[in-house]
Amino acid sequence: MDTFLQQILNGLVLGSIYALIALGYTMVYGIMGLINFAHGEVVMVGAMVTISVISGLTHFGVNLPGPVLLLIGVAVAIPSCMLLGFVIERVAYRPLRGAQRLAPLITAIGLSIVLQQLAILIWGRNYIPFPPVLDHDVVTIFGASITTLQIFIIVMCFAIMVGLLVMVERTRLGRAMRATSQNPSVAGLMGVNVNTIISATFVIGSALGAIAGVMVATNYDQAHYYMGFMIGLKAFTAAVLGGIGNLGGAVAGGILLGIIESLGAGYIGSLTGGFLGSNYQDIFAFMVLILVLIFRPSGLLGEKMADRA
Amino acid sequence: MSLLQVKNLQVSYGGIQAVKGIDFSIGKGELVTLIGANGAGKTTTLRTLVGMVKRSGGSIEFDGKETAGIPSHAFVRHGLAMVPEGRGIFGKLTVEENLLMGAYVRDDKAQILVEMERIYQLFPRLKERQRQLAGTLSGGEQQMVAMGRAMLSKPKLLLLDEPSMGLAPIIVQKIFEIIQMVAAEGVTMLLVEQNARLALEVSQRGYVMESGRITMEGEAKTLLDDERVRNAYLGD
Ligand SMILES: Nc1ncnc2c1ncn2[C@@H]1O[C@H](COP(=O)(O)OP(=O)(O)OP(=O)(O)O)[C@@H](O)[C@H]1O
Ligand SMILES: [Mg+2]
Numbered sequence: 683m684d685t686f687l688q689q690i691l692n693g694l695v696l697g698s699i700y701a702l703i704a705l706g707y708t709m710v711y712g713i714m715g716l717i718n719f720a721h722g723e724v725v726m727v728g729a730m731v732t733i734s735v736i737s738g739l740t741h742f743g744v745n746l747p748g749p750v751l752l753l754i755g756v757a758v759a760i761p762s763c764m765l766l767g768f769v770i771e772r773v774a775y776r777p778l779r780g781a782q783r784l785a786p787l788i789t790a791i792g793l794s795i796v797l798q799q800l801a802i803l804i805w806g807r808n809y810i811p812f813p814p815v816l817d818h819d820v821v822t823i824f825g826a827s828i829t830t831l832q833i834f835i836i837v838m839c840f841a842i843m844v845g846l847l848v849m850v851e852r853t854r855l856g857r858a859m860r861a862t863s864q865n866p867s868v869a870g871l872m873g874v875n876v877n878t879i880i881s882a883t884f885v886i887g888s889a890l891g892a893i894a895g896v897m898v899a900t901n902y903d904q905a906h907y908y909m910g911f912m913i914g915l916k917a918f919t920a921a922v923l924g925g926i927g928n929l930g931g932a933v934a935g936g937i938l939l940g941i942i943e944s945l946g947a948g949y950i951g952s953l954t955g956g957f958l959g960s961n962y963q964d965i966f967a968f969m970v971l972i973l974v975l976i977f978r979p980s981g982l983l984g985e986k987m988a989d990r991a
Numbered sequence: 003m004s005l006l007q008v009k010n011l012q013v014s015y016g017g018i019q020a021v022k023g024i025d026f027s028i029g030k031g032e033l034v035t036l037i038g039a040n041g042a043g044k045t046t047t048l049r050t051l052v053g054m055v056k057r058s059g060g061s062i063e064f065d066g067k068e069t070a071g072i073p074s075h076a077f078v079r080h081g082l083a084m085v086p087e088g089r090g091i092f093g094k095l096t097v098e099e100n101l102l103m104g105a106y107v108r109d110d111k112a113q114i115l116v117e118m119e120r121i122y123q124l125f126p127r128l129k130e131r132q133r134q135l136a137g138t139l140s141g142g143e144q145q146m147v148a149m150g151r152a153m154l155s156k157p158k159l160l161l162l163d164e165p166s167m168g169l170a171p172i173i174v175q176k177i178f179e180i181i182q183m184v185a186a187e188g189v190t191m192l193l194v195e196q197n198a199r200l201a202l203e204v205s206q207r208g209y210v211m212e213s214g215r216i217t218m219e220g221e222a223k224t225l226l227d228d229e230r231v232r233n234a235y236l237g238d
């Protein structure tokens, strides 16, 4: 029972981060039918920039409380990643608009390698510990433990996701985004500058990615140039699980995947008689991906692919 | 003075010329129709007028200004609106959201709401279905959304591409009544239609397009009586 509740809580933390990243994949896919595989690297850059800013401030003897340092770090990381997302779209995807589907996909993969290499140049190949700016106070709920930081992560993720959904459903920009995703040429006829909407989509998705990157790094107390790959792939899985292109689906898929993965990690030992340890938890995400692609490629909340214009 | 003046307009897709140098004009307040067989180049002409397709030659002067330099999303700000072929409804937006998209470039919120109410008076069915997803409407209702949406941009020139396509005769009748009502309010329109008889009956002037060229033009009444038009387009 303890393990169960504990793994649900862990899954919720992990899952809300996946959901935040999955939204970036799904928004871009919804607007332009493209999987931005470089999104994981944006997440990584968000974590790295935050760490650099905090370390830099500490190095120059700025004496501020930990949470304030973190806030400054995030305040730099978000616009940095927004700029990165903007540049990624302009440089890598816009020139390929209207090309065959395979071309931007290959570019996306190439771009993600380029960004990783750049990260190595700037931040090196080693794991970078997250500066000790936060206390990891532990709260116990019915025998399961969770840190205050993790509670904060869950609450933040939900607040951001609700904010995004409200923006998309209720504002003029959100309406233009939905119109563009359904029919870009008619949206243009209505006066929507489709290029601006696409840029906005990348920029917003990247801001969410930056925040997610900081969350991952604080939660695991470290960052690494390669961290974006695995977390990106899992968030992508979450987006597919929920139905790619569907915002609610990305949230549901992220949380579900986080929970599946945590429960899997918690029980894999006893399930396999100790043969596989919890370090095999990654296989669950990809089993989910494979099963979804086989049995329900449109995902939980997505419509059939054929319905897309 | 004409609102729209087109001279020697040419449009190509790849190497294939779809519009081969046409001239026409539309005066303020006029309802003009452009008829022609499938593939004649009517849709291409309209799309070029609103900047969705780039021309390869010729001039388009709208409201006294050449339109060549206008980015495609800015045409609506200059007063050009189009009800596209196949209606171009945003199926997963509600009826109301579709209409609001028509007013996307406007910021006079109060006035927009007043005009939306007028659209709903014109199309009471849409009022009942305000919050319904537009994709779930019937073809005729979707056409009403497309027309209401275009009208909400307050166009100086409204282009209609086959508004009667795929609709039952009774709905076609209704759509044409609305076209006449809109025309009576002083909105200038260019109507592309397969249903040449109805189109000529409601219009003041007409142009006939064949394989990328304008082959006939004149008063709508004259064209209705013309032997060649009757044989080719009116099925007499
Ligand atoms: N996007 C396109 N790419 C290539 N060729 C096109 C394209 N759109 C139209 N054409 C060609 O241009 C010509 C004119 O087409 P257009 O759609 O303008 O005709 P239309 O008069 O509107 O016909 P219809 O009555 O069937 O709607 C046709 O030969 C068509 O095949
Ligand atoms: Mg046509």
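Just so you know, the protein sequences line up as chains U and D, in that order. Under our numbering, the first residue of the first sequence carries the number 683, and numbering increases by one thereafter. Under our numbering, the first residue of the second sequence carries the number 3, and numbering increases by one thereafter. Using N, Cα and C, we set each Cβ at its ideal position, and we do this for glycine too. This one's a predicted model, so the numbers in the text were calculated from it and none came from an experiment.
- In the three-state reduction of the DSSP assignment, D/Pro-73 falls in the coil class, being assigned neither a helical nor a strand state.
- Judged by DSSP in its simplified three-state form, D/Met-167 adopts coil rather than helix or strand.
- Selection U/Gly-693, U/Pro-811, U/Phe-966, U/His-721 evaluated against U/Val-796 yields U/His-721 as nearest (Cα-Cα).
- Your pair D/Leu-154 and D/Thr-96 does not check out as a contact, with CB atoms roughly 15 Å apart and the cut at 8 Å.
- Contact annotation: the stretch 14-24 of chain D does not touch the stretch 61-71 of chain D, with fewer than three C-beta pairs closer than 8 Å.
- Proximity of U/Arg-779 to chain D, defined by a Cβ-Cβ separation below 7 Å, is not satisfied.
- Taken atom to atom, the span from the alpha-carbon of D/Tyr-106 to that of U/Leu-751 is near 42 Å.
- Rounded to whole angstroms, D/Val-174 and D/Ser-166 show a C-alpha spacing of 5 Å.
- D/Gly-29 is not a Cβ neighbour of D/Ser-61, given a cutoff of 7 Å.
- A check of alpha carbon separations from D/Gly-43 across D/Met-211, D/Ala-186, D/Thr-217 identifies D/Met-211 as the nearest.
- Taking the Cβ of U/Ala-894 as the reference point, every heavy atom of ligand 1 lies at 6 Å or farther away.
- In this structure, the straight-line span from the alpha carbon of D/Glu-32 to that of D/Gly-53 is close to 22 Å.
- Contact annotation for D/Lys-94 against chain U: Arg-860, Gln-864 [CB-CB distance below 8 Å, chain order].
- Taking 7 Å as the CB threshold, D/Met-118 stays off the interface with chain U.
- For D/Asn-233, the uninterrupted alpha helix (DSSP H) segment begins and ends at 229-235.
- D/His-75 sits buried, since 16 or more C-beta atoms from the chains shown fall within 10 Å of its C-beta.
- Within the same chain, and ignoring the five residues on either side of U/Leu-945 in sequence, the residues whose Cβ sits closer than 6 Å to its Cβ are Gln-689.
- If you draw a straight line from the Cα of U/Arg-978 to the Cα of U/Met-969, it is about 13 Å long.
- Straight through space, the alpha carbons of D/Gly-150 and D/Pro-126 are spaced by roughly 12 Å.
- Fully contained in the stretch 147-199 of chain D are the following alpha helix (DSSP H) runs of length 4 or more, in chain order: 171-186.
- Of the heavy atoms belonging to ligand 2, none sits nearer than 6 Å to the Cβ of U/Glu-723.
- Put simply, the backbone Cα of D/Val-78 is about 38 Å away from that of D/Asn-233.
- Burial check for U/Val-710: the Cβ neighbour count within 10 Å reaches 16 or more, so the residue is buried.
- Those residues of the stretch 868-882 of chain U placed with their C-beta closer than 8 Å to a C-beta in chain D are Val-868, Ala-869, Gly-870, Leu-871, Met-872, Gly-873, Val-874, Asn-875, Val-876, ordered along the chain.
- Contacts between D/Ser-74 and chain U, judged by CB atoms closer than 7 Å, involve Gly-870 in chain order.
- For the pair of segments examined, the stretch 879-895 of chain U was found to touch the stretch 760-767 of chain U: the number of CB pairs separated by less than 8 Å reaches three.
- D/Leu-202 places its beta carbon 7 Å or farther from that of D/Phe-178.
- Per the Cβ contact rule, the stretch 694-701 of chain U is in contact with the stretch 934-949 of chain U (3 or more Cβ pairs under 8 Å).
- Using a Cβ-Cβ cut-off of 7 Å, D/Glu-99 is close to Arg-857 of chain U, given in chain order.
- Contact between U/Gly-948 and U/Thr-685 holds, with the beta-carbon distance rounding to 5 Å and staying under 8 Å.
- Residues close to ligand 1 by the beta carbon criterion (under 5 Å to any non-hydrogen atom) are, from first to last along the chain, D/Tyr-15, D/Ala-20, D/Asn-40, D/Gly-41, D/Ala-42, D/Gly-43, D/Lys-44, D/Thr-45, D/Thr-46.
- For U/Asp-684, the enclosing alpha helix (DSSP H) begins and ends at 684-714.
- Taken from the Cβ of D/Glu-87, at least one heavy atom of ligand 2 lies inside 6 Å.
- The continuous alpha helix (DSSP H) containing U/Ile-754 extends over residues 748-770.
- With fewer than 16 neighbouring CB atoms inside 10 Å of its own CB, D/Glu-187 falls in the exposed class.
- Excluding its 5 nearest sequence neighbours in each direction, U/Asn-961 has no C-beta neighbour in its own chain below 8 Å.
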